[in-house]
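This note's numbering puts the first residue of the sequence shown at 1477, with every later residue one more than the last.
Ideal Cβ positions, reconstructed from N, Cα and C, are used throughout, including at glycine.
Computed from a predicted model, the values in this text were never measured in an experiment.
Written out below as structure tokens is the structure these notes cover.
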Amino acid sequence: MRILGIDPGCTVTGYGLIEELSGRVAHLDNGGIFPPPKDPFGDRMRYIHDRVEALIGKFSPDAVAIENIFVAKNVQSTLKLGHARGAAMVAVSRAGLPLFEYTALQVKQAVTGYGHAGKEQIQRMVQALLKLPGAAFADASDALAVALCHANSYRMMKKVKAG
């Protein structure tokens, strides 16, 4: 199963692509979507949508996992994050792919075993789990962590269904 993980953001949307085969997980790609900061907000959201759509076309994932919104202290930041998340979700929906959502707590728990792990801890664990030569930048590491969370959850769901 090929999984595209997405860590949505208005200034940077991280992505990570992994492949899970028979319980083994391999890193395929990771990076960031960087909308032009001086563009109008709506154009930046279209940019995120278009780049997610292009990633789906390029890598043909079987599923997409996205980080759910956390409630920030700044309401405006939370709303903008929701827009970036929505732009990515529309691209996934248009491609007809199954979309799975995970909270930051679930992702951190799945990858590090600790629901309040810091960004550096996530980067180190993602690097170790995927045997990367170096740590991916924070947003890409978070997206890879979301994909790993889904790989773990999906395996568990299959076992539960199998009885």
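Option nearest residue i by Cα separation, candidates the options
i	options	result
V1587	G1508, L1504 and I1598	I1598
N1544	K1607, Y1578 and A1571	Y1578
Y1491	R1570, L1497 and A1560	A1560
C1486	D1615, Q1603, R1600 and V1602	D1615
P1627	L1575, D1515 and Y1590	Before going on, a small fix: residue 1627 reads as Ala here, not Pro. Nearest C-alpha to A1627: L1575.
L1608	H1503, P1516, K1595 and R1522	H1503
E1657	I1494, F1613 and P1516	With the chain covering 1477 to 1639 only, the question about residue 1657 has no answer from this structure.
R1522	M1565, L1493 and K1549	M1565
R1520	V1488, E1495 and F1535	V1488
P1511	L1480, A1563 and K1549	A1563
Under 9 Å between C-beta atoms of residue i and residue j
i	j	result
R1500	P1537	no
D1526	A1567	yes
A1619	I1482	yes
V1583	A1621	yes
I1532	P1484	no
Y1630	A1539	yes
L1624	L1605	yes
Opening and closing residue of the alpha helix (DSSP H) in which residue i lies
i	result
H1559	V1551 to R1570
G1481	Element bounds for G1481: not the alpha helix (DSSP H) but the beta strand (DSSP E), R1478 to D1483.
A1611	It is not in any alpha helix (DSSP H) - A1611 carries neither H nor E in the DSSP assignment.
G1518	F1517 to F1535
K1514	Here K1514 belongs to no alpha helix (DSSP H), and DSSP marks it neither H nor E.
A1604	K1595 to L1605
Unbroken beta strand (DSSP E) run spanning residue i, endpoints
i	result
A1502	R1500 to I1509
L1497	T1489 to L1497
Beta-ladder partner(s) of residue i, from DSSP
i	result
E1543	Y1578
heavy atom of the ligand GTP below 8 Å from residue i C-beta
i	result
V1501	Inclusion of the ligand GTP in the displayed structure is not the case, the ligand content being empty and no account of it being possible.
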